[in-house]
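The structure appears right after this line, and notes come after that.
In mature numbering (1 follows the signal peptide of the UniProt record, and there is no 0), the protein residues as written are -23 to -1, 1 to 317.
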């Protein structure tokens, strides 16, 4: 009986310790850990990665359009009935065919579409890198916002304590008749304002903590402790060097350059409608047997060309639209340069 009681007591003590540890658990987070969590968990970077995969798949599909295509066709039918009261013989019919086509010449459209999609793939890669940079910046800003808000609370809390002590002194002086009532009222108002400022600082701190947790995808109810503090590091590079570095490395600027290149190629793509297209084909057909035989098959080989000689101005309108898009991309690129 005594041993059983000891076991129960030990189990209760163990559970109490576990509950206390879990209740007092607080996640410690450095700046680098916060950035790594954001890059790993943030949905923006995952979406950018999926867009990159999509662009790669679309490029593969466009390249495949330049190759040989093979198609199979098979028809099966049965026929019967009566004609003028005479019963027709029951008939079965089966026809099969295979055809191979190859785009010999597309007026340059295939090459242009591939070149455009390659630029889009590069743009999606730049977008992924830019998204990672933005997430890193947002994480760093949110981390330091929490630190700043925490220090602001400490300052405002000290101010409240000082005003409370000052109010006590003023009350004593007022009771002794050494100061007028206006001084007492002013001290009370100053304390009230300080308390309101402290409440605002605490609310700001709570909002900043939630913002950081949202960026790194951390549970809002989980306690958080930041392990790093403000640290001043000098930055002595001249402005000209900073501007030059930004112009060479800003991913969003590179994306705008690609938009301009794609717009130029879209003009060429629109002009390609003035050119003919040529396709080569080879086909074979046979009837009433699964595979072609020596006495039952036919084949056709040929080349077809198509040239849209007159389209009532559709191609010209498409060219004008592409040129307007190119001018817009050029202005956007110039605007992006000015912003940097």
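Note that beta-carbon positions come from the ideal geometry of N, C-alpha and C, so glycine has one too.
**Three-state class that DSSP yields for residue 74 in the structure shown** = DSSP places residue 74 in strand when its eight states are reduced to three.
**Prompt:** Identify the residues that DSSP records as bridge partners of residue 204: which are they?
**Reply:** According to DSSP, which records beta bridges pairwise, residue 204 is partnered with nothing at all.
**Asked** Is it the case that the Cβ atoms of residue 258 and residue 76 are separated by a distance below 8 Å?
**Response** Yes; because the gap between Cβ atoms is below 8 Å, this pair is in contact.
**Prompt:** Using DSSP with H/G/I as helix, E/B as strand and the rest coil, what is residue -3?
**Reply:** With a pLDDT of only 38 at residue -3, under the threshold of 50, the placement of this residue in the model should not be trusted, and no figure is reported.
**Sub-8 Å separation of residue 147 and residue 161 beta-carbons** = Less than 8 Å separates the beta-carbon of residue 147 from that of residue 161.
**Request:** Rounded to whole angstroms, what's the CA-CA distance from residue 69 to residue 248? Just pull it up for me.
**Result:** 51 Å
**Message:** Going by C-alpha to C-alpha distance, which of 302, 155, 186 and 20 sits closest to residue 127?
**Reply:** 186
**Request:** State the Cα-Cα distance for the pair residue 86 and residue 121, rounded to the nearest angstrom.
**Result:** 52 Å
**Beta-carbon proximity check, residue 29 vs residue 96, cutoff 8 Å** = Against a cut-off of 8 Å, the Cβ pair of residue 96 and residue 29 comes out as no contact.
**Request:** Compare the beta carbon distance of residue 192 and residue 109 with 8 Å and say whether it is the shorter of the two.
**Result:** no
**Prompt:** Which term fits residue 115, buried or exposed, when burial requires 16 or more other beta carbons within 10 angstroms of its beta carbon?
**Reply:** That one is buried.
**Identity of the residues DSSP links to residue 257 by a beta bridge** = 79 and 280
**Asked** Are the beta-carbon atoms of residue 4 and residue 135 separated by less than 8 Å?
**Response** no
**Request:** Kindly indicate which three-state DSSP category residue 98 falls into: helix, strand or coil?
**Result:** helix
**Item:** Extent of the continuous alpha helix (DSSP H) to which residue 214 belongs
**Value:** Element bounds for residue 214: n/a, residue is neither H nor E.
**Prompt:** So, using beta-carbon positions, are residue 36 and residue 98 closer together than 8 Å?
**Reply:** yes
**Item:** Residue nearest to residue 359 in terms of C-alpha spacing, selected from 281, 179 and 277
**Value:** No information on residue 359 is available, as it lies outside the stretch -23 to 317 that the chain covers here.
**Asked** What whole-angstrom Cβ distance do residue 72 and residue 52 have, given they're in contact under 8 Å?
**Response** 5 Å
**Item:** Beta-carbon spacing of residue 216, residue 317 below 8 Å
**Value:** no
**Message:** By the three-class DSSP mapping on this structure, what secondary structure does residue 262 have?
**Reply:** strand
**Request:** Spell out the partners DSSP gives residue 316 in its beta bridges.
**Result:** Bridge partners of residue 316: none, in fact.
**Request:** Could you give the DSSP three-state label for residue 68: helix, strand or coil?
**Result:** strand
**Request:** Quick one: give me the first and last residue of the beta strand (DSSP E) that residue 390 is part of.
**Result:** No statement about residue 390 is possible, as the shown extent of the chain runs from -23 to 317 and does not include it.
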